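A short write-up of the structure that comes next.
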Amino acid sequence: MSSLRQLCTFRVGDSLFGIDVLSVQEVIRSHDLTPVPLAPSAIKGLINLRGNIVTAIDLRTKLEFPERVGDSLPMHVIVRAGDSVISLLVDDVGDVVDVNESEFEEAPLTLIAACRDLVRGVYKLPHRVLLAVDAQRLVAGESPGLTGAPASRQAA
Amino acid sequence: MTVDDVDEVLREFLLESSDALNTLDQDFVALERNPDDRTLIGEIFRLVHTIKGTCGFFAFERLERLTHAGEALLCKLRDGEIRNTSEITTSLLKMVDGIRCSLEAIETTGSEGVEDFDALIANLTRLSENEPIRAPAVAFEAVVGNQKNEIVRGDSSEKAEVRGPAVTDTAIRVDVEVLDRVMNLVGELVLARNQLLQFAGSIREPVFAATTQRLNALTTELQEGIMKTRMQPIGNVWNKFPRVIRDLAHACGKRVILEVDGAHTELDRTIIEAIRDPLTHAVRNAVDHGIEAPEIRKQSGKPEVGTLRLRAFHEGGHVNIEVTDDGRGLDIERIRVRAVERGLVAADRAARMGEREVSQFIFHPGFSTAATVTNVSGRGVGMDVVKTNIEKIGGSVDVTSLWGRGTTLRVKIPLTLAIIPALVVSSMGCSRRYSESEQGFHRFAIPQVNLMELVRLEGEVALRRIEDVRGVRMCRLRGSLLPLVSLNRSFALSRCSEFDADVVNIVVVQGQTRPFGIVVDKILDTEEIVVKPLGKELKGVKTFSGATIMGDGRVALILDVLGFEQHAGLASTSRDRSDDAGADVASGNASRTSESWVVFSVGDGATMAIPLAIVARLEEIAEGVIEQSGGRAVVQYRGGILPLIDLRKLDGKRASQAAPQLLQVIVYSEGGRSLGFIVEKILDIVPVDIAAIREVARPGVSDAVVIQGKVTELLNVRRVIQSFDATFFGVKNAA
Chain C
851 MSSLRQLCTF RVGDSLFGID VLSVQEVIRS HDLTPVPLAP SAIKGLINLR
901 GNIVTAIDLR TKLEFPERVG DSLPMHVIVR AGDSVISLLV DDVGDVVDVN
951 ESEFEEAPLT LIAACRDLVR GVYKLPHRVL LAVDAQRLVA GESPGLTGAP
1001 ASRQAA
Chain V
41 MTVDDVDEVL REFLLESSDA LNTLDQDFVA LERNPDDRTL IGEIFRLVHT
91 IKGTCGFFAF ERLERLTHAG EALLCKLRDG EIRNTSEITT SLLKMVDGIR
141 CSLEAIETTG SEGVEDFDAL IANLTRLSEN EPIRAPAVAF EAVVGNQKNE
191 IVRGDSSEKA EVRGPAVTDT AIRVDVEVLD RVMNLVGELV LARNQLLQFA
241 GSIREPVFAA TTQRLNALTT ELQEGIMKTR MQPIGNVWNK FPRVIRDLAH
291 ACGKRVILEV DGAHTELDRT IIEAIRDPLT HAVRNAVDHG IEAPEIRKQS
341 GKPEVGTLRL RAFHEGGHVN IEVTDDGRGL DIERIRVRAV ERGLVAADRA
391 ARMGEREVSQ FIFHPGFSTA ATVTNVSGRG VGMDVVKTNI EKIGGSVDVT
441 SLWGRGTTLR VKIPLTLAII PALVVSSMGC SRRYSESEQG FHRFAIPQVN
491 LMELVRLEGE VALRRIEDVR GVRMCRLRGS LLPLVSLNRS FALSRCSEFD
541 ADVVNIVVVQ GQTRPFGIVV DKILDTEEIV VKPLGKELKG VKTFSGATIM
591 GDGRVALILD VLGFEQHAGL ASTSRDRSDD AGADVASGNA SRTSESWVVF
641 SVGDGATMAI PLAIVARLEE IAEGVIEQSG GRAVVQYRGG ILPLIDLRKL
691 DGKRASQAAP QLLQVIVYSE GGRSLGFIVE KILDIVPVDI AAIREVARPG
741 VSDAVVIQGK VTELLNVRRV IQSFDATFFG VKNAA
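In order, the protein sequences belong to chains C and V.
Sequential numbering of the first sequence, starting at 851, is according to this note's numbering.
Sequential numbering of the second sequence, starting at 41, is according to this note's numbering.
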């Protein structure tokens, strides 16, 4: 069970997240966003990625962090799963880290529901924990609250 | 040979065979018309033989046995040992079906199906061994000599040309996915080209300018070329129809000949797929409902053989497809009765409806006038599905019919779904919601197919036409009320409303049942846009049907007009009212409880009015351009001659002769003829309540009414015109 995985890490607020490096297509700097009226609030808009229209989802909104302030621009992590491609808006992109499956643990029940919907589990890195995001669940576009257990929110 | 190689060869075989089967379907039907066409039989034999050979190679035993039996029969036919009959053709067609069935099984499961076709094989063998049991029956279609257009028949020389080695050698099969990818890249290239061109404009460098120009030309050509690779002739859909019609005609005991015209008309493959089912349905409908049984046709003096005509042609960026039969036509009266029975329309209104309007009821869900339900059609699920499917791809359907003479179904569809013309509008928005990311404005594309007209209201007077009815804005547009929806408000783009501006831009679009107006900040341009789908994450947002990339590389959303209408809350509530509005228009002046009238002065302080509904246009014409012809004043107008009636001189009084000036003319049109009324001044357009109308005896004037505190005479247009030109309304009125 001690197989190695490579995760691309990124930061949202003060939390460190990781996503399977194989599902990451590319990382780009801030890009022109076309907002989509009436869309869920986490959908910040559409970008033109070399002729493909890609939906940008702000992980801050999705994971119920406070809105981004000041003039810091988010980075786009372009994630591919199945035949869809989406862009995750994150605060900062870090290194690719090797994690060992033995360091993996189920997501704690105390995690807020929005987080638990997207996070597959937690890796215990030497200095801090890393929340592993499930690309499939992101792309499926499951809205928070539909899949999360209703009871978990009050625990948060 | 590895497994992969086998798969590759097998796939090739499946592709080839399915082509061959389609050809066979057509050939057999053609053969029935010319039962003794040896070349055609030879052709069929060759195709079946090829399939048989390959089956042997792959060890598909059952399939091989079936094709062998068929081949034996064909061999006898070819050598003239037996004569072709309807029965033989039916059996051979069954064999084709059997092959098709097996091939499908092979494609999905990898092995041929369990069916062993014993009965069919026995039948084929019997037919090939015995003398025909019956004397050669009347072949399904023995009509020859009808060679106009491209009748689907086995014209061997033509067929041979198509299947000749020359074509096979120059054509290759390409995966559609590859084409789509290339198409995407070309779209991207076009975009890069556009950006480069913008940049090139600011640089004065001849070599650079020349290079960009060349790049420009090449890109355009490349774009056209790649678009072409996605086009397929509509014949690809039609080539199934001879078989469909044959089987159906047999089942109904009818005789039908199919004529096609314009089978080479090309359409994007996505559209070809989308129209396949609706068209098949329309064709089946025509055979089952449209064309009568031979005896009935004979009685009504028509040829026993019915004709079904398929026609396709390009027209203004669209493809028109017509399905015409020379059958009994729509029974307008029965549809009228049925529509009332089903509660679709009130009886009195139905009675006033024109034929054309009544015939539209066949597109209502579940509507059927068929007395009996056959296994083919008559269940009432049909024409509405045809209509919905065609409308889904941005097309429209229309039906015209002449009782006893036939019906024509007209389908109008766009050439491609990938690139559509659209109107680009923008909403500025003065809020700060998106301003931090340079999103000063939002652009939206509205597909041209939804568009009816653009209205621009400018100035205080015009803006007064917008009324607030309990929070819902309405605009008077030619006598009817147009509900308005603010784009800014609907999408919460801005807190300030477009209605507060000096200029209000209204995009009038066709909603589900009635038009409505979308109020936008700015109307930018019409553009050909490349439609791109939205991600799954956005499928809950019904107001947009897709997105496109604009010339500057930014994304713009494509408005789904029906979804937007629903979002704005117009779709369900306005249904009843719209029906009433339609009734008023349809019934003309039968119910004019509150029609809009154009009020104008005719000199001496007298005012008159005519119904807005009959006014084609309001024009200003310089007095100098009026000419005299046959003692009448006329003016050249839109390439024709417009006779003028000077209402200022109606009572024989002399209009005050002032200096040459611009004359106000109200243009009236009926039945393709037009006529202009010269008036002194057009004053207003007001609703008139019929209850207030009083009769006044005066030639040319029917009634009078008080409008805005002034007695206004309502002009009897027909009487005035008739006193002026008795032949204007045609013979029936003049007599």
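All residues carry an ideal CB built from backbone N, CA and C; glycine is no exception.
In this text the structure is predicted, and so the values were computed from the model without any measurement.
Which listed residue (the options) has its alpha carbon closest to that of residue i
i, options, result
"Ser399/V", "Gly680/V, Ser441/V, Val707/V", "Ser441/V"
"Ser641/V", "Val719/V, Gly679/V, Ile761/V", "Val719/V"
"Met393/V", "Val601/V, Gly586/V, Ile375/V, Glu245/V", "Ile375/V"
"Ile402/V", "Ser466/V, Ala322/V, Lys338/V", "Ala322/V"
"Tyr677/V", "Gly671/V, Tyr708/V, Gln701/V", "Tyr708/V"
"Leu899/C", "Thr884/C, Gly944/C, Leu909/C", "Thr884/C"
"Ser467/V", "Phe484/V, Leu455/V, Val451/V", "Phe484/V"
"Val543/V", "Lys576/V, Gly499/V, Phe100/V, Gly580/V", "Gly499/V"
"Pro487/V", "Leu494/V, Leu463/V, Glu493/V", "Leu463/V"
"Thr320/V", "Ile654/V, Leu524/V, Glu362/V, Glu660/V", "Glu362/V"
"Ala649/V", "Val638/V, Gly643/V, Val601/V", "Val638/V"
"Gly435/V", "Leu258/V, Ile722/V, Val359/V", "Val359/V"
"Arg518/V", "Ala656/V, Leu219/V, Asn429/V", "Ala656/V"
"Ile139/V", "Arg713/V, Ile84/V, Val88/V, Ile128/V", "Val88/V"
"Leu939/C", "Val877/C, Asn902/C, Gln986/C, Ser853/C", "Val877/C"
"Val595/V", "Glu577/V, Gln606/V, Pro573/V, Gly609/V", "Pro573/V"
"Ser853/C", "Asp948/C, Met925/C, Gly895/C", "Asp948/C"
Chain-order list of residues whose beta-carbon lies under 7 Å from that of residue i (same chain, five-residue window excluded)
i, result
"Phe248/V", "Ala240"
"Thr260/V", "none"
"Ile936/C", "Val904, Thr905, Ile907, Val929, Leu988, Val989"
"Val549/V", "Ile486, Asn490, Leu491, Met492, Pro555, Phe556, Ile558, Val601"
Interface partners of residue i on chain C, CB under 9 Å
i, result
"Val581/V", "Val886, Pro887, Leu888, Ala889, Pro890, Ile893"
Within chain C, the residues that residue i reaches when beta carbons sit closer than 8 Å
i, result
"Ala596/V", "Thr884"
"Ala608/V", "The premise fails here: Ala608/V is roughly 11 Å from chain C at the closest Cβ pair, so nothing lies under 8 Å."
"Leu384/V", "Simply none; closest approach about 34 Å."
Neighbour-count burial assignment, residue i, 16 or more Cβ in a 10 Å radius
i, result
"Ser142/V", "buried"
"Gly110/V", "buried"
"Leu912/C", "The residue you asked about is not Leu; residue 912/C is Lys in the sequence shown. When all chains shown are included, Lys912/C counts as buried."
"Ala250/V", "exposed"
"Gly150/V", "exposed"
"Asn950/C", "exposed"
"Ile243/V", "exposed"
"Phe68/V", "buried"
"Pro454/V", "buried"
"Gly302/V", "buried"
"Phe584/V", "buried"
"Leu524/V", "buried"
"Ser873/C", "buried"
6 Å CB neighbourhood of residue i in its chain, flanking five on each side removed
i, result
"Phe764/V", "Ile685"
"Thr94/V", "Phe53"
"Lys582/V", "Gly603"
"Leu522/V", "Cys515, Gly557"
Contact list for residue i against chain V, beta-carbon separation under 8 Å
i, result
"Leu968/C", "Near Leu968/C there are no residues of chain V at all, since even the closest Cβ is about 13 Å away, more than 8 Å."
"Pro897/C", "This sequence places Ile at residue 897/C; Pro is not what is there. Simply Val595."
"Gly868/C", "The contacting residues do not exist; Gly868/C stays about 21 Å from chain V at best."
Proximity test, residue i beta-carbon vs the ligand PLP heavy atom, cut-off 7 Å
i, result
"Leu54/V", "Summarising the ligand content, the structure contains no ligands, and the ligand PLP is consequently not present."
Closer than 9 Å at the beta carbon, the chain V residues around residue i
i, result
"Ile907/C", "Glu577"
"Ile903/C", "Lys572, Pro573, Leu574, Gly575, Gly586, Ala587, Thr588, Ile589, Val595"
Sequence-distant residues of its chain with Cβ nearer than 8 Å to residue i (five each side left out)
i, result
"Leu50/V", "Phe98, Ile146"
Beta-carbon neighbours of residue i, restricted to chain C and to distances below 7 Å
i, result
"Phe531/V", "Pro887, Leu888"
"Leu219/V", "Correct list: empty, because the minimum Cβ distance to chain C is about 15 Å."
"Asn224/V", "Gly901"
"Leu61/V", "The contacting residues do not exist; Leu61/V stays about 32 Å from chain C at best."
Neighbouring residues, chain V, relative to residue i (Cβ below 7 Å)
i, result
"Arg900/C", "Glu228"
Proximal residues, the segment 928–945 of chain C versus chain V, C-beta separation under 7 Å: Ser934, Ile936
Check each residue of the segment 558–574 of chain V: if its Cβ is closer than 9 Å to any Cβ of chain C, include it; give the result in chain order. Val570, Lys572, Pro573, Leu574
Residues in the segment 230–244 of chain V with C-beta within 8 Å of chain C's C-beta atoms, listed in sequence order? Leu231
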